[in-house]
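What follows is a short report on a single structure.
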Amino acid sequence: MYGNGYISPEETAKQKPDPLAGEDLQQLALFEERIARGEKIEPQDWMPKEYRRQLIRMIEQHAHSEVIGALPEGTWITRAPSMKRKLALIAKVQDEIGHAHLLYNAAETLGKSREAMINDLLSGKSKYSNVFNYPATTWADVTVIGFLIDGAAIVNQVINAKGSYGPYCRALERICYEESFHLKQGHDALVHLAVGTKEQRAMLQDALNRWYRPIIHFFGPSDKASVHGTLLMKWKVKMASNDDMRNQFLDQYVPKIRELGLDFPDPKLNKNAEGVWEFSDPNWDEFFATINGNGPCNAERLAVRRWAEEHGRWVRKALINPSQKQVLPLS
Amino acid sequence: MKSFDPRVNRIKPIEEKTEMNIGEAWEPYEVFHQKKRGDHHIHVGSVHAPNAAQALLFAKEQYGRRQNCVNMWVVRTADVTQFQYDDADIFETAIDKEYREAYGFKVRDKINAYKKQQTESK
Ligand SMILES: [Fe+2]
Ligand SMILES: [Fe+2]
């Protein structure tokens, strides 16, 4: 699921005044021409340091989001309301971990080891999608995640799959194929509640109320004005602005909630005459606080992840082949 | 830390620093799958594993849990030899390579000319 549509503020602050300082201009021109022609960049190619840095950051955050994203849903595997739902949820959660694997691989081709990425997640240095720092408190939350969060992620991932870095595009293509199942099973489970008893509908509406703001936050704050964004767009690292992706998502999904006689808790949520969705101020302070570690579940998510690493260590160590080589995956 | 998730409350989540050591994630293997008998094996991605047998197992989980698959290969990434993209010009066919293509050989015109000549000389 879960690309990250936003450029996290910390990274923007770290941004050097001239991200191209010291680059070989002839190589840079060839690199940019290749991208402009619609050709992909492969791991062995020359690339600007800033391209490499931004891609590692972005793909790594995406991978972490898949891993952490499995936690709120995983909570519900043992309590799924039927065998069919349980099987679907297990399959989905396994897919998400598989997505993390594909993405870590893609990031590794750029030169950062998997161990280093996991360590940056465990220490809190690397970010992951804000939505997973909220708890899934009822079964209805699982249906909202499966339909709307995965739906938002698909918007992001389909767009990014047209980017310039070969390994990331290949991973995303495979991921998008599996996401269609996530979306379908989520929609099915959500509709099941929506057409059910009064209690089921109320439970679903409550979940929609609680997830509305995190969903609006999902694509990140408006970044139309960012100069930094332009370079990344030219290099096809970033393929659409946060606002455009959010608008595409709202356009696709709000009607699918409203047709069920349900709605999001925002009287201002509406499409204006220009076809642009408007919504109330979603409190970006909350978004920044959550991204920076102060959301309701941040501490728990990382603590659980650390526990998993600690408790899996003996297996990993027992299997290590002393002659193993530290090489990068090919593609 | 009190969690909403009873499973989390049963374990003791670790709140202090934890680190993976370099090498703990093993090494990469490249994965090739064959969708049906008669097809080529096609590269689909890679897995991290401590040995080839384990790599096959992970490959099956990662790339064979959906859709058709009748066989898989895994190859240690470190054992793969490849060209460099910088040398891509070695594949350029700037000179005429018709001599090694089927379309480089056209006999019909010659045969027709010959037949015509034969008829006329009668
Ligand atoms: Fe995913
Ligand atoms: Fe998903």
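Read top to bottom, the protein sequences are chains A and B. Heads up, the first sequence stops at 435 in the numbering used here, and the numbers go up one at a time, no gaps. Heads up, the second sequence stops at 461 in the numbering used here, and the numbers go up one at a time, no gaps. Glycine included, every Cβ here is placed at the ideal spot set by N, Cα and C.
Under 7 Å, CB to CB, which of the residues in the region 407 to 419 of chain B have a partner in chain A?
Result list: Thr416, Ala417, Val419.
- If the cut is a Cβ gap below 8 Å, which residues of chain B does Ile222(A) touch? Taking the first sequence and counting its residues from 1, the one referred to as residue 222(A) is at position 118. Correct list: Met359, Ala364.
| field | Neighbour flag for Cys229(A) against chain B, beta carbons, 7 Å | value | Within the first sequence, numbered from 1, the residue matching residue 229(A) stands at position 125. Looking at the sequence provided, one finds Lys at residue 229(A) rather than Cys. Nearest CB-CB separation between Lys229(A) and chain B: not below the 7 Å threshold.
Taking 7 Å as the CB-CB limit, is Ile381(B) close to chain A?
To locate residue 381(B), count along the second sequence from 1; it is residue 42. Judged by the 7 Å Cβ criterion, Ile381(B) is not in contact with chain A.
### Candidates Ile163(A), Phe135(A), His168(A), Asp245(A), of which the one nearest Gly215(A) by Cα
Translated into the one-based positions of the first sequence, residue 215(A) becomes position 111. Nearest C-alpha to Gly215(A): Ile163(A).
Could you give the distance in angstroms between the alpha-carbon of Ser230(A) and the alpha-carbon of Gln352(A)? By 1-based counting over the first sequence, the position of residue 230(A) is 126. By 1-based counting over the first sequence, the position of residue 352(A) is 248. Rounded to the nearest angstrom, the two C-alpha atoms are 27 Å apart.
| When the cut-off is 7 Å and only beta carbons count, does Phe430(B) lie next to chain A? | What you label residue 430(B) is simply residue 91 of the second sequence in a count that begins at 1. For Phe430(B), the answer is no, since every Cβ of chain A falls outside 7 Å of its Cβ.
Any contact of the region 410 to 419 of chain B with the region 366 to 377 of chain B, i.e. 3+ C-beta pairs under 8 Å?
-> Output reads yes: the region 366 to 377 of chain B touches the region 410 to 419 of chain B.
Assign Thr432(B) to buried or exposed, taking buried as 16 or more other Cβ atoms, counted over all protein chains shown, within 10 Å of its Cβ. Here residue 432(B) is taken as the residue at index 93 of the second sequence, counted from 1. It is exposed - the Cβ of Thr432(B) has fewer than 16 other Cβ atoms within 10 Å.
Worksheet item: From Asn374(A) to Gln158(A), what distance separates their C-alpha atoms?
Response: Position 270 of the first sequence, counted from the start, is the residue given in the question as residue 374(A). Position 54 of the first sequence, counted from the start, is the residue given in the question as residue 158(A). Going by the C-alpha atoms only, they are around 34 Å apart.
query = Can you pull the DSSP bridge partners for Ala192(A)?
reply = Taking the first residue of the first sequence as position 1, residue 192(A) is located at position 88. Paired residues: none, contrary to the question.
Please name the residue in Gly250(A), Phe236(A), Glu282(A) whose C-alpha comes closest to that of Cys401(A).
Here residue 401(A) corresponds to residue number 297 of the first sequence, with the count starting at 1. That would be Phe236(A), whose Cα lies nearest to the Cα of Cys401(A).
What would DSSP say about Glu277(A), mapped onto helix, strand or coil? Counting from 1 along the first sequence, the entry for residue 277(A) is found at position 173. The answer is helix: DSSP assigns Glu277(A) an H, G or I state.
**Counterpart residues of Val370(B) in DSSP-defined beta bridges** = If you number the second sequence from 1, residue 370(B) lands on position 31. Note: Val370(B) sits in a beta bridge opposite Gly384(B), Val413(B).
Could you have a look at Asn108(A) and say whether DSSP puts it in helix, strand or coil?
-> Position 4 of the first sequence, counting from 1, holds the residue named residue 108(A). At Asn108(A) the pLDDT is 47, less than 50, meaning the model places this residue with poor confidence and gives no usable figure here.
task: Measure the alpha-carbon distance for Ile249(A) versus Gly290(A) and round it to whole angstroms.
output: One-based indexing of the first sequence puts residue 249(A) at position 145. One-based indexing of the first sequence puts residue 290(A) at position 186. Roughly 7 Å between the two C-alpha positions.
Item checked: beta-carbon His203(A) near ligand 1 non-hydrogen atom, thresh 6 Å -> For this step, residue 203(A) is matched to residue 99 along the first sequence. In terms of side-chain proximity, the C-beta atom of His203(A) is found nearer than 6 Å to a non-hydrogen atom of ligand 1.
So, does the CB of Val408(A) fall closer than 7 Å to a CB anywhere in chain B?
Position 304 of the first sequence, counting from 1, holds the residue named residue 408(A). Cβ-Cβ to chain B under 7 Å: yes for Val408(A).
inquiry  = Going by beta-carbon coordinates alone, are Leu336(A) and Lys342(A) separated by less than 7 Å?
reply    = Taking the first sequence and counting its residues from 1, one reaches residue 336(A) at position 232. Taking the first sequence and counting its residues from 1, one reaches residue 342(A) at position 238. Closer than 7 Å, so yes.
*Status (buried if at least 16 other CB within 10 Å, exposed otherwise) for Asp199(A)*: Here residue 199(A) corresponds to residue number 95 of the first sequence, with the count starting at 1. Under this definition Asp199(A) is a buried residue.
Considering only heavy atoms of ligand 1, does any lie closer than 6 Å to the CB of Glu164(A)? Locating residue 164(A) in the first sequence gives position 60, where the first residue counts as 1. Not under cutoff, so the answer is no.
* Cβ of His382(B) versus every heavy atom of ligand 2: is any distance shorter than 6 Å? -> Looking up residue 382(B) in the second sequence gives position 43. Outside the cutoff, so no.
Whose Cβ in chain B lies nearer than 7 Å to the Cβ of Val431(A)?
The residue given as residue 431(A) occupies position 327 in the first sequence. Among the residues of chain B, those whose CB is under 7 Å from the CB of Val431(A) are Glu366, Pro367, Thr416, Ala417, following chain order.
- request: Inspect the beta-carbon positions of Lys144(A) and Gly270(A) and report whether they are closer than 7 Å.
  value: As a first step, residue 144(A) must be located in the first sequence, where it is residue number 40. As a first step, residue 270(A) must be located in the first sequence, where it is residue number 166. Annotated as proximal: Lys144(A) and Gly270(A), with beta-carbon spacing under 7 Å.
Counting only the same chain and skipping the five closest in sequence on each side, list residues whose C-beta sits under 7 Å from that of Asn376(A).
-> Sequence index remark: in the first sequence, residue 376(A) carries index 272 (1-based). Excluding sequence neighbours, Asn376(A) sits near Glu382.
**Message:** Which residues in chain B have a C-beta closer than 7 Å to the C-beta of Ile458(A)? List them in chain order.
**Reply:** The question about residue 458(A) has no answer here: the residues shown for chain A are numbered 105 through 435.
- request: Could you tell me whether any non-hydrogen atom of ligand 2 is closer than 6 Å to the CB of Glu177(A)?
  value: For the purposes of this step, residue 177(A) is taken as the residue at position 73 of the first sequence. Not under cutoff, so the answer is no.
query = Considering Tyr155(A), what are the terminal residues of the alpha helix (DSSP H) in which it resides?
reply = Along the first sequence, read from residue 1 onward, the residue named residue 155(A) stands at position 51. It spans 153 to 178 - the alpha helix (DSSP H) in which Tyr155(A) sits, taken as one unbroken run.
Query raised in the report: Mind checking Asp426(B): buried by the 16 CB within 10 Å criterion, or exposed?
Result: The residue labelled residue 426(B) in the question sits at position 87 within the second sequence. Classification of Asp426(B): exposed, given that the 10 Å Cβ count is below 16.
_Tyr424(B): contacting residues in chain A (beta-carbon distance under 7 Å)_ = The residue you call residue 424(B) lines up with position 85 of the second sequence. In chain order: Glu146, Gln148, Asp149.
Would a C-beta distance cut-off of 7 Å place Thr179(A) and Asp344(B) closer than the cut-off?
Translated into the one-based positions of the first sequence, residue 179(A) becomes position 75. Translated into the one-based positions of the second sequence, residue 344(B) becomes position 5. Taking the C-beta atoms as reference points, Asp344(B) is found nearer than 7 Å to Thr179(A).
query = For the region 195 to 248 of chain A, which segments carrying the alpha helix (DSSP H) assignment without a break, of at least 4 residues, lie completely within its bounds, in sequence order?
reply = As far as the region 195 to 248 of chain A is concerned, its whole alpha helix (DSSP H) runs of at least 4 residues are 218 to 226, 243 to 248.
Could you check whether the Cβ of Ser112(A) sits closer than 7 Å to any Cβ belonging to chain B?
As a working note, residue 112(A) is residue 8 in the first sequence. Low confidence applies to Ser112(A): its pLDDT is 47, below 50, so where it sits in the model is not reliable enough to give any reading.
### Query
Can you tell me the Cα-Cα spacing of Pro369(A) and Ala256(A), whole angstroms?
Within the first sequence, the letter at position 265 stands for residue 369(A). Within the first sequence, the letter at position 152 stands for residue 256(A). If you draw a straight line from the Cα of Pro369(A) to the Cα of Ala256(A), it comes to about 18 Å.
Residues bridged to Ile145(A) (per DSSP): Taking the first sequence and counting its residues from 1, one reaches residue 145(A) at position 41. DSSP, once it has assigned bridges, lists Tyr269(A) as partnering Ile145(A).
Can you name the residues that DSSP bridges to Asn374(A)? Walking along the first sequence from the start, residue 374(A) turns up at place 270. Paired residues: Glu382(A).
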